[in-house]
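Line order of the protein sequences matches chains A and B.
Quick note: the first sequence uses my numbering, first residue 57, plus one each step.
Quick note: the second sequence uses my numbering, first residue 792, plus one each step.
Glycine residues also receive a C-beta, built at the ideal position from the N, C-alpha and C atoms.
Working notes, beginning with the structure itself.
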Amino acid sequence: GQQVQQSPASLVLQEGENAELQCNFSTSLNSMQWFYQRPGGSLVSLFYNPSGTKQSGRLTSTTVIKERRSSLHISSSQTTDSGTYLCAMENTGANTGKLTFGHGTILRVHP
Amino acid sequence: NSKVIQTPRYLVKGQGQKAKMRCIPEKGHPVVFWYQQNKNNEFKFLINFQNQEVLQQIDMTEKRFSAECPSNSPCSLEIQSSEAGDSALYLCASSPGLEQYFGPGTRLTVL
Numbered sequence: 057g058q059q060v061q062q063s064p065a066s067l068v069l070q071e072g073e074n075a076e077l078q079c080n081f082s083t084s085l086n087s088m089q090w091f092y093q094r095p096g097g098s099l100v101s102l103f104y105n106p107s108g109t110k111q112s113g114r115l116t117s118t119t120v121i122k123e124r125r126s127s128l129h130i131s132s133s134q135t136t137d138s139g140t141y142l143c144a145m146e147n148t149g150a151n152t153g154k155l156t157f158g159h160g161t162i163l164r165v166h167p
Numbered sequence: 792n793s794k795v796i797q798t799p800r801y802l803v804k805g806q807g808q809k810a811k812m813r814c815i816p817e818k819g820h821p822v823v824f825w826y827q828q829n830k831n832n833e834f835k836f837l838i839n840f841q842n843q844e845v846l847q848q849i850d851m852t853e854k855r856f857s858a859e860c861p862s863n864s865p866c867s868l869e870i871q872s873s874e875a876g877d878s879a880l881y882l883c884a885s886s887p888g889l890e891q892y893f894g895p896g897t898r899l900t901v902l
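Spelled out as structure tokens, the structure:
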């Protein structure tokens with residue numbers, strides 16, 4: 057089965073609304089990252105967040121290791137937030153840094 | 792954000808041809824990864840290096856794919872005999888040890 061499940065698969069918002077993206081892991085994890093993928097394909101690292109809560113501007117990431125989940129909260133969404141958001145994990149025991157990715161959440165923010 | 796350089800950005804090859812792509816990791820990052828993202832947005836880990844040595848690679852990499860990360864030269868990933876199913880975005884990432892930073896990718900189209 058899939059080790060990393062992201063939800064929702066897609067999300068449509070009006071500008072100014074908040075978004076909550078979820079990532080659930082089927083195995084215990086060493087580390088996890090949230091990425092934003094630009095339409096051209098390049099990945100921008102948003103958070104390296106193996107546990108706890110981190111904030112950067114309008115973005116907040118919370119990882120709860122014992123519940124095997126992580127969330128990305130976007131407050132006051134803007135049209136420029138549109139794109140694909142990916143979470144990825146390194147599971148325990150791997151020790152090579154290899155990331156396993158979810159399928160992503162496609163976010164569209166309308167003006 | 793990321794200073795990983797990948798060339799070329801786009802690559803078009805015929806079936807059976809060799810396809811070679813390069814990656815310059817961020818300075819001071821000893822670990823380099825290659826991932827493949829297919830048209831269904833599924834990521835597949837291919838291979839990773841630490842200081843020129845292979846840490847882990849998957850079977851397909853061992854057979855038709857070759858990769859190296861020589862000192863003082865760009866890392867490279869080469870497909871010896873391209874197949875239609877190899878059409879994908881190839882992403883290189885480098886890491887100082889934990890967080891991974893991705894380049895813009897090489898989009899390979901095999902006709």
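Quick check: what's the CA-CA separation for residue i versus residue j?
| i | j | result |
| --- | --- | --- |
| GLN737 of chain B | GLN70 of chain A | No answer is possible for residue 737 of chain B: it lies beyond the span of chain B, which begins at 792 and ends at 902. |
| SER885 of chain B | ALA65 of chain A | 28 Å |
| VAL165 of chain A | TYR92 of chain A | 14 Å |
| THR109 of chain A | SER872 of chain B | 46 Å |
| VAL120 of chain A | SER84 of chain A | 11 Å |
| ALA879 of chain B | THR116 of chain A | 31 Å |
| GLU869 of chain B | GLY153 of chain A | 22 Å |
| LEU163 of chain A | PRO95 of chain A | 12 Å |
| ILE838 of chain B | ALA75 of chain A | 34 Å |
| GLU817 of chain B | GLN843 of chain B | 14 Å |
| GLY876 of chain B | ASP850 of chain B | 16 Å |
| GLY805 of chain B | PHE157 of chain A | 29 Å |
| LEU802 of chain B | PRO895 of chain B | 13 Å |
| TRP90 of chain A | LEU155 of chain A | 11 Å |
Using the three-state DSSP reduction, which class does residue i fall into: helix, strand or coil?
| i | result |
| --- | --- |
| THR140 of chain A | strand |
| ILE849 of chain B | coil |
| THR83 of chain A | coil |
| GLY876 of chain B | helix |
| LYS835 of chain B | strand |
| LYS804 of chain B | strand |
| LYS854 of chain B | helix |
| GLU844 of chain B | strand |
Would you list the one or two residues that DSSP bridges to residue i?
| i | result |
| --- | --- |
| CYS866 of chain B | B:CYS814 |
| THR156 of chain A | A:MET145 |
| GLY108 of chain A | A:THR119 |
| SER76 of chain A | The displayed chain sequence assigns Glu, not Ser, to residue 76 of chain A. GLU76 of chain A is bridged to A:HIS129. |
Review point. The stretch 836 to 853 of chain B: which residues have C-beta closer than 7 Å to a C-beta of chain A, in chain order?
Key: PHE836, ASN839, LEU846, GLN847
Review point. What residues in the stretch 809 to 834 of chain B have a beta carbon less than 9 Å from any beta carbon of chain A?
Key: VAL822, PHE824, TYR826, GLN828, ASN831, ASN832, GLU833, PHE834
Review point. Any chance the stretch 883 to 898 of chain B sits against the stretch 820 to 840 of chain B, with 3 or more Cβ pairs inside 8 Å?
Key: yes
Review point. Pairing CB atoms from the stretch 137 to 144 of chain A with CB atoms from the stretch 858 to 873 of chain B, are three or more of them under 8 Å?
Key: no
Practice item. Pull out every residue of the stretch 78 to 94 of chain A whose Cβ sits closer than 8 Å to any Cβ of chain B, in chain order. Key: SER87, GLN89, PHE91
**Study point:** Under 9 Å (Cβ pairs) to chain B, residues found in the stretch 114 to 145 of chain A
**Key:** THR140, LEU142, ALA144
Exercise for review: Using a Cβ-Cβ cut-off of less than 7 Å, list which residues of the stretch 149 to 166 of chain A approach chain B; keep chain order.
Suggested key: THR152, GLY153, LYS154, LEU155, PHE157, HIS159, GLY160
Review point. The stretch 868 to 880 of chain B: which residues have C-beta closer than 9 Å to a C-beta of chain A, in chain order?
Key: LEU880
**Study point:** Cβ-based contacts, 7 Å cut-off: residues of the stretch 99 to 113 of chain A near chain B
**Key:** LEU99, VAL100, SER101, TYR104
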